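Read the structure below first, then the notes.
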Amino acid sequence: MNKTCPLVDEARIQIDQDMTVRLDALFQEQENAFETRMAPSKEKKHALTRQHKAERQKLREAQHLHWQHKQQEWRNNLKKGFCGLFDRVTGNVVE
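Quick note, the sequence shown lines up with residues 1 to 95 if you use the UniProt record's numbering.
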């Protein structure tokens, strides 16, 4: 039972293969651990994104409604007909 030592080149190839397999396994393990730790943060981020989107939409609607009310208010304050035309020409617009 005379066991011979592998050649240096063969030993290097075997060590490279073993290290590659081990490093790939460690990388996958770390990636899975990272994903597990990040899952709550990602969900919180998505929840905040949805909340902010809803708030922006609500603000846009409120601003649009406010703008419509202001325009209606301005229309109601203007005189109509000949009096309104005369006021605009003379610059005597009631504010």
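In this text, a Cβ means the ideal position worked out from N, Cα and C, and glycines have one as well.
No experiment lies behind these values; they were computed from the predicted model shown.
Distance between residue j and residue i (C-alpha atoms, nearest Å)
i, j, result
"MET1", "ASP9", "Low confidence applies to MET1: its pLDDT is 48, below 50, so where it sits in the model is not reliable enough to give any reading."
"THR20", "ARG12", "12 Å"
"ILE15", "LEU7", "12 Å"
"ASN92", "ALA47", "54 Å"
"GLN17", "LEU59", "60 Å"
"PHE82", "GLU73", "20 Å"
"ALA62", "GLN51", "16 Å"
Buried/exposed call for residue i, threshold 16 Cβ in 10 Å
i, result
"ARG75", "exposed"
"ASN77", "exposed"
Contact set for residue i: own chain, Cβ-Cβ below 8 Å, skip 5 residues either direction
i, result
"ALA25", "none"
Close-in-space but distant-in-sequence residues of the same chain around residue i (CB under 6 Å, 5 per side omitted)
i, result
"GLN68", "none"
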